[in-house]
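The sequence shown maps to residues 1 to 221 in full-length UniProt numbering. A virtual CB, placed ideally from N, CA and C, is assigned to each residue, including glycine. Heads up: the structure comes next, in structure tokens.
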Amino acid sequence: MILELITIIIAILGIVLFLLAIKRLWRRKLITASLQGLSGLLLLSLAALTTSIALNLYTYQQLTFEQKIATFQLSKIQPKHYRAFISYPDNSTQTYDLRGDQWQLDARILKWSGIATLTGMKTHYRLERLSGRYQDIKQERQLPRTVYSITNPSFLSAWSPDVWRFVKQHQEWFPWVDAIYGSATYLPMTHGARYTINVSTSGLVARAINKEAINAVQNWK
């Protein structure tokens, strides 16, 4: 905000000096007109430079911005059997029973590029699948598995698979779409653990937010 304000002030001063230079030139005051014109052009060049810096900083902020889309909480039922609660920003909650040592959330991501990023378009997503995972490959093959197709109240939740397919097949018609791809995040399950689910331009990101979850991640082998 401060950088933008400085840029505006510099640009206004540059324009004022440039207009005064034209006025002096009209009155044939060549030396004064030259000095004011040169000063105005220098200020306008400086304003252009600060604008470029501001745009670069804004683009970086957009690329590193993480949007919280859900909170994930676990309650242990018995060994390798947990109840998972996914809470969304609209206060809705979905409940699932998961078996295994880890939970995994899959989503489809729509990432913007170019002018769409500069105008503040956020990365859009559609949560698709929640599943339990076993740490041991043999258990993964032999023990009961739990996989759920899920929906969520995101902007794109109303988009049918046909719409996704259409955008992907005709991406040349949507130059502001950088990529459509799958993303997944998985972390260990333990009783009482709470995680936040975020989405960024790099995909889904899960973060431990309480002691139980932090300890589970630190002791994860």
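Specify, as a first and last residue, the run of the alpha helix (DSSP H) that T141 falls within.
Residue 141 is actually Arg in this sequence, not Thr. It spans I137 to Q142 - the alpha helix (DSSP H) in which R141 sits, taken as one unbroken run.
Residues bridged to H81 (per DSSP):
Q78 and R99
Do V205 and N215 have their C-beta atoms within less than 7 Å of each other?
no
Let's test the definition: count the other Cβ atoms within 10 Å of the Cβ of Q61 and tell me whether it reaches 16, buried, or not, exposed.
Only weak support exists for where Q61 lies, its pLDDT of 45 falling under 50; the value from the coordinates is given anyway. So Q61 counts as exposed.
Would D97 and E128 be called neighbours here (beta carbons separated by less than 7 Å)?
no
Which class does E66 belong to by DSSP, given the choice of helix, strand or coil?
coil
Take L13 and list the residues in its own chain whose beta-carbon comes closer than 6 Å to its own, dropping the five residues that flank it on each side.
L43
In angstroms, rounded to a whole number, what distance separates the CA positions of T71 and K221?
24 Å
Under the three-state DSSP convention, the category V199 falls into
strand
Which of the three DSSP states is assigned to A47 in this structure?
helix
What's the C-alpha gap between G203 and P144?
29 Å
At the level of alpha carbons, what is the spacing between I150 and I8?
47 Å
Using DSSP's beta-bridge definition, name the partner residues of Q73.
F85 and R194
Between the CA atoms of H124 and F155 - distance to the nearest angstrom:
Residue confidence is low: F155 scores 43 on pLDDT, short of 50, so the model does not pin down where it sits. Its coordinate-derived value is still stated next. When rounded, the distance between both Cα atoms is 7 Å.
Quick one: what's got a C-beta closer than 7 Å to I209's C-beta in the same chain, skipping five residues either side?
R194, Y195 and T196
Strictly by DSSP, which residues pair up with Q94?
I86
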